[in-house]
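Beneath this line is the structure, given in structure tokens, with notes to follow.
There are 2 protein chains.
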Amino acid sequence: MNAIKDTLLMGPGPSNVRDSVANALTLPTIGHLDPRFIVIMDEVKAMLRSVFRTTNDLTIPISGTGSAGMEACFVNLIEPGDSVLVLENGVFGVRMADVAERLGAQVDVEEFEWGTPVVVDRAAKAIASKPYKIVAVVHAETSTGVRNSVEELAPLVVESGALYLVDAVTSLGGLPVDVDGWQADAVYSGTQKCLSCPPGLAPVTFSDRAREVLAARSRKVPNWYLDLSLLTSYWEGAKRSYHHTAPINMIYGLHQALSDLLDEGLQVSHDRHQEAHEYLVDQLKNLGLELFVDPAYRLPMLNAVTVPGGVDEAEIRQRLLSDHAIEIGAGLGPLAGKIWRIGLMGHTARRENVDRLVTALGALL
Amino acid sequence: MNAIKDTLLMGPGPSNVRDSVANALTLPTIGHLDPRFIVIMDEVKAMLRSVFRTTNDLTIPISGTGSAGMEACFVNLIEPGDSVLVLENGVFGVRMADVAERLGAQVDVEEFEWGTPVVVDRAAKAIASKPYKIVAVVHAETSTGVRNSVEELAPLVVESGALYLVDAVTSLGGLPVDVDGWQADAVYSGTQKCLSCPPGLAPVTFSDRAREVLAARSRKVPNWYLDLSLLTSYWEGAKRSYHHTAPINMIYGLHQALSDLLDEGLQVSHDRHQEAHEYLVDQLKNLGLELFVDPAYRLPMLNAVTVPGGVDEAEIRQRLLSDHAIEIGAGLGPLAGKIWRIGLMGHTARRENVDRLVTALGALL
């Protein structure tokens, strides 16, 4: 592994990790039921509540990457035959539908053009069209760089009586996430985006209403590993009991990353992401590069940039990585070959990193 | 997290981590599709094949802890209504049955007394009693300290036509695991036992026969995150495509842990575990302590020790941890209060650690 050198991670995640977080990963491993570890778990839960802006008791990191968070939210709430509506405008909406279908749900997908947001009027009609158990949407579509108006959709979902399931993988820490304000019922994220922790954990939060649905299931969750009713026996209460062995050192890293974020302040972090984004857009303009997404719903932390005609997009990415130690991302699905995805996530979202990328891009184009 | 100090981990896992592995965790995070990371993935697969003693192509670490490996093996092979036989003599056999039942399998459990092994004659009758799709057994029952004769059961399962599913969480690296010799079809392990890597990954290996069963499924795997037919698009082939974001830094740690183990040599590691175990048994005898399990099927890496009458077992464990920075484990289920579980796993399995524990135990008893 000697070939591993510092790389500026400006793709769709993972993002760069602060030294404080890297150092936390190497703290001595202790037992998963060690009283000192229980304290760390409780602090992680408390900090996650602050970052998610929620008072939900059930707010924990799942022992898997972001997609395990998605899986956890759906598998705990769905029983076969349940109706689910996915408001889809990118890869992660498609994935939600796939996850839910595999669990035996009746899934309706309301599709919106990739690169544009979920249109609230049309979503409202879909939400009202029948009684859904779950309405699901992605806050920050990492595949396209689009921000969906989770806050405008919220009252529509709440009024419909459905559970509101939100993907906050890429938004958490970089954009306001307001779980209680949205009255969201199940929200998941990942550590390797705007939290600037290596990939490996998926913070999730469940509302009391979602917990009641979980408690009232007619059959067991068909996934022992992700069954929240079992996980709570380890993560909650005065007496903790073994479920699975928690990924101790990764949780040290998350603890440090959350501390760093809250020390900086959520609003300061959001502003930093926005400023780095605006600076990037300006600098790219000087290179003649345009963003793929309309300013009204652009994400700050994931910038979809239109590949200019005649440019071999893959070669540019490869040379950025090999010659300049900078990673940016490719387009996915119908956007493959058409866009680059430039991440400004967490610790990476700083002006000096934008400068370094733009200089390198300028030399290559 | 300032309270985290070096602790001698002599419980049921996690075990102590070598400095080399701790240092590997802090290597710079790079992208999950970075060509340098693909090389590391390929090296991890190759080293896992050596450690599992298999030529199985599909040999990868699952992005979750050991129980996610169990979940992955069952969820990829089971379709609703499939018949599964679990040969059960401890917590992890019980867990296997629970996992399989949640997936809609018809599960038969052949129970054996906790603290004793699966009896081959009785297992043979159960295996032959009807055509099972899967027969599952735990190699090293961490809950009791018993070694099951996976090798003697192997021809019976093979002859029956069932898939042979083996839990090697606690055995891998500390006892001979011979996946190809056993003709085992699905085997999983964890990183935090005899591999001496922090918890967070679950190495699994699937035989070609198991892959054929997976490929011939009539419905999709009801777990997107653990679907091996999707994971292989990321872990195999000339062109890798994104599935989920791999836990990059944990995989650095596993890479280093496997390198260290293979540098030492599998046989040398097995011998070291056995020697540390025999030394522990001798030293405990001097304190008047006896092992709960018969020598014929004792595990070297997990020593179930009978708590002497009149001793408050929980207090001893707590004082070992608080006063001597040594963790040992409690009994589970029917063995709670009756045994201590003393681990000698991976880097921990050394004579000086036994001395430290025995001195501390002697002072407390």
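Protein chains in written order, with the working numbering: chain A, 353 to 717; chain B, 353 to 717.
C-beta: ideal position from N, C-alpha, C; glycine also.
The structure displayed is predicted, hence computed values, not measured ones.
Per-residue burial, residue i [other beta carbons within 10 Å of its own, 16 or more giving buried]
i                : result
Gln608 (chain A) : buried
Ser570 (chain A) : exposed
Ala480 (chain A) : exposed
Glu564 (chain A) : exposed
Asp358 (chain B) : exposed
Leu717 (chain A) : exposed
Gln544 (chain B) : buried
Val573 (chain B) : buried
Ala562 (chain B) : buried
Lys620 (chain A) : The residue asked about is misnamed: residue 620 (chain A) is Val in this sequence, not Lys. It counts as exposed.
Asp579 (chain B) : buried
Asp664 (chain B) : exposed
Ala398 (chain B) : exposed
Asp519 (chain A) : buried
Pro599 (chain B) : buried
Arg474 (chain A) : exposed
Asp646 (chain B) : exposed
Pro507 (chain A) : exposed
Asn354 (chain A) : exposed
Thr407 (chain B) : exposed
Glu493 (chain A) : buried
Gly513 (chain B) : exposed
Endpoints, beta strand (DSSP E) assigned at residue i
i                : result
Ala476 (chain A) : It is not in any beta strand (DSSP E) - Ala476 (chain A) instead sits in the alpha helix (DSSP H) that spans 472-480.
Val489 (chain B) : 486-490
Ile659 (chain A) : For the sequence presented, residue 659 (chain A) should be read as Val rather than Ile. Careful: Val659 (chain A) lies outside any beta strand (DSSP E) and carries neither H nor E.
Gly681 (chain A) : 678-682
Cutoff 8 Å: residue i Cβ touching any chain A Cβ
i                : result
Trp576 (chain B) : yes
Ile668 (chain B) : no
Val438 (chain B) : no
Asp723 (chain B) : The shown model of chain B, from 353 to 717, leaves out residue 723 (chain B), and the question about it has no answer.
Glu679 (chain B) : yes
Ile430 (chain B) : no
Gly383 (chain B) : yes
Asn705 (chain B) : no
Val565 (chain B) : no
Nearest-angstrom Cβ-Cβ length linking residue i and residue j, presumed shorter than 8 Å
i                : j                : result
Val436 (chain B) : Lys485 (chain B) : 6 Å
Ala376 (chain A) : Tyr604 (chain A) : 4 Å
Ile414 (chain B) : Ala457 (chain B) : So it is not a contact: roughly 20 Å between Cβ atoms.
Thr597 (chain B) : Pro551 (chain A) : 4 Å
Thr378 (chain A) : Leu361 (chain B) : Wrong, their Cβ atoms sit about 15 Å apart, outside the cutoff.
Leu527 (chain A) : Pro652 (chain A) : 7 Å
Ile680 (chain B) : Arg693 (chain B) : 7 Å
Minimum Cβ-Cβ distance from residue i to chain B less than 8 Å
i                : result
Asp358 (chain A) : yes
Pro686 (chain A) : no
Lys485 (chain A) : no
Asp394 (chain A) : no
Asn375 (chain A) : yes
Val573 (chain A) : yes
Gly617 (chain A) : no
Tyr631 (chain A) : no
Thr321 (chain A) : With chain A represented from 353 up to 717, any question about residue 321 (chain A) goes unanswered, as that position is not in the structure.
Ile600 (chain A) : yes
N- and C-terminal bounds of the alpha helix (DSSP H) containing residue i
i                : result
Gln635 (chain A) : 618-638
Trp534 (chain B) : 531-534
Val521 (chain A) : That residue, Val521 (chain A), is in no alpha helix (DSSP H); it is neither H nor E in DSSP.
Thr411 (chain A) : Careful: Thr411 (chain A) lies outside any alpha helix (DSSP H), inside the beta strand (DSSP E) at 410-414.
Ser435 (chain B) : Per DSSP, Ser435 (chain B) belongs to no alpha helix (DSSP H); it is in the beta strand (DSSP E), 435-440.
Tyr586 (chain A) : 580-587
Leu361 (chain A) : Looking at the DSSP string, Leu361 (chain A) is not in any alpha helix (DSSP H); the run it does join, the beta strand (DSSP E), is 360-362.
Asp646 (chain B) : It is not in any alpha helix (DSSP H) - Asp646 (chain B) carries neither H nor E in the DSSP assignment.
Thr711 (chain B) : 703-716
Arg693 (chain A) : It is not in any alpha helix (DSSP H) - Arg693 (chain A) instead sits in the beta strand (DSSP E) that spans 691-695.
Pro387 (chain B) : 387-404
Distance cut-off 7 Å: residue i Cβ against heavy atoms of the ligand HEM
i                : result
Gly433 (chain B) : Ligands displayed in this structure: none; no statement on the ligand HEM is therefore possible.
Checklist entry - Between the stretch 406-424 of chain B and chain A, which residues of the former have CB atoms less than 7 Å from a CB of the latter, in chain order? => result Identification of residues in the stretch 406-424 of chain B having a C-beta nearer than 7 Å to some C-beta of chain A yields Ser415, Gly416, Thr417, Gly418, Ser419, Ala420, Glu423, given in sequence order.
Item to check | Members of the stretch 547-561 of chain B near chain A, C-beta cut-off 7 Å | outcome: Listed by position along the chain: Pro550, Pro551, Gly552.
Next on the checklist: Any C-beta of chain A within less than 9 Å: which residues of the stretch 575-597 of chain B qualify?
Outcome noted: Asn575, Trp576, Tyr577, Leu578, Asp579, Tyr594, His595, His596, Thr597: these are the residues of the stretch 575-597 of chain B whose beta carbon lies less than 9 Å from some beta carbon of chain A, given in chain order.
Checklist entry - Quick one, which residues of the stretch 502-517 of chain B are near chain A if we go by CB-CB under 8 Å, in chain order? => result Under the 8 Å Cβ criterion, the stretch 502-517 of chain B contributes no residue.
Checklist entry - For the stretch 633-657 of chain B, which residues have a CB atom closer than 8 Å to at least one CB atom of chain A, in sequence order? => result Of all residues in the stretch 633-657 of chain B, none comes within less than 8 Å of chain A when Cβ atoms are compared.
Next on the checklist: Short of 9 Å Cβ to Cβ, which residues in the stretch 446-457 of chain A face chain B?
Outcome noted: Of all residues in the stretch 446-457 of chain A, only Arg447, Asp450, Val451, Glu453, Arg454, Leu455, Gly456 come within less than 9 Å of chain B when Cβ atoms are compared, listed by chain position.
Next on the checklist: Output needed in chain order: residues of the stretch 529-545 of chain A with a Cβ under 8 Å from some Cβ in chain B.
Outcome noted: Residues Gly542, Gln544.
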